[in-house]
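In terms of this note's numbering, the sequence shown opens at residue 3 and continues consecutively. Glycine included, every Cβ here is placed at the ideal spot set by N, Cα and C. Read through the structure below, which is laid out as structure tokens, and then see the notes.
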Amino acid sequence: MTDWINERPSVNPLLTRVAGVGAGLLLCAAPLATTPAAAAPHTASAASDAGLSPAARTAPRPTLSAKATVKSAKAWQEFRVYGSSTRLNAGTRVTLQQLQKRGWVSLPIHMNTTRSHTYNLRVKLGIKGLNKIRVFGGGAISNTVQVTIR
Numbered sequence: 003m004t005d006w007i008n009e010r011p012s013v014n015p016l017l018t019r020v021a022g023v024g025a026g027l028l029l030c031a032a033p034l035a036t037t038p039a040a041a042a043p044h045t046a047s048a049a050s051d052a053g054l055s056p057a058a059r060t061a062p063r064p065t066l067s068a069k070a071t072v073k074s075a076k077a078w079q080e081f082r083v084y085g086s087s088t089r090l091n092a093g094t095r096v097t098l099q100q101l102q103k104r105g106w107v108s109l110p111i112h113m114n115t116t117r118s119h120t121y122n123l124r125v126k127l128g129i130k131g132l133n134k135i136r137v138f139g140g141g142a143i144s145n146t147v148q149v150t151i152r
């Protein structure tokens, strides 16, 4: 019995055979991978998303609009903030927020959207000066509305 390690100490014959087979497979596969058709994935979603931008691939986001019935009001005088929603389920809770020193603060004024995807909030504010308010709910945030309280 011959000791093959002693004959060629730097090369293991088993590794030589495996490396030879692997190199042959690599050489055969290399021309196929360089063609554009072979390099592209063959899935239905990749083919349908080929010409779309990343923004077009995502689902449309829900939106809220907001308007106030007044631009100026006395302290604690009631006014309304109203608006509509798109891509929100009817009955989604919307809450009023006010911009204060530390950021947006949720006020205890909320309601569920109607079947026609609208809302109408009764608001009384006591902080004098320019107040910035908005409505949020269901993952959507409305535009900012400015109301001056005198």
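Inset, instruction - Mind checking which residues open and close the beta strand (DSSP E) that includes PRO64? - result: Locating residue 64 in the sequence shown gives position 62, where the first residue counts as 1. Taken as a continuous stretch (DSSP letters only), PRO64 belongs to no beta strand (DSSP E), as it is neither H nor E.
Inset, instruction - Counting only the same chain and skipping the five closest in sequence on each side, list residues whose C-beta sits under 8 Å from that of LEU123. - result: Within the sequence shown, residue 123 is the residue found at index 121, counting from 1. Counting only Cβ-Cβ distances below 8 Å, and skipping sequence neighbours, we find ARG82, VAL83, TYR84, VAL96, LEU98, ILE111, HIS112, MET113, VAL137.
Inset, instruction - Mind checking which residues open and close the beta strand (DSSP E) that includes TRP106? - result: Against the sequence shown, residue 106 aligns to sequence position 104. Where TRP106 is concerned, the enclosing beta strand (DSSP E) stretches over 105 to 114.
Legend entry - CB contact flag (LYS134, THR150, <8 Å): Translated into positions along the sequence shown, residue 134 becomes position 132. Translated into positions along the sequence shown, residue 150 becomes position 148. Taking 8 Å as the Cβ cut-off, LYS134 and THR150 do not qualify as a contacting pair.
Legend entry - Neighbourhood of TRP78 by C-beta, 8 Å cutoff - its chain only, sequence neighbours within 5 removed: Reading the sequence shown from its first residue, position 76 is the one you call residue 78. Within the same chain, TRP78 has close Cβ partners LYS126, LEU127, GLY128.
Inset, instruction - Enumerate in chain order the residues of its own chain whose CB-to-CB distance from GLY140 is below 6 Å, with the five nearest sequence positions on each side excluded. - result: For the purposes of this step, residue 140 is taken as the residue at position 138 of the sequence shown. Counting only Cβ-Cβ distances below 6 Å, and skipping sequence neighbours, we find PRO64, LEU90, THR94.
Legend entry - Inter-residue Cα distance where the pair is LYS69 and SER144: Here residue 69 refers to the residue found at position 67 of the sequence shown. Here residue 144 refers to the residue found at position 142 of the sequence shown. C-alpha separation (whole angstroms): 9 Å.
Inset, instruction - Reducing DSSP to helix, strand and coil, say where ARG89 ends up. - result: Here residue 89 corresponds to residue number 87 of the sequence shown, with the count starting at 1. Coil.
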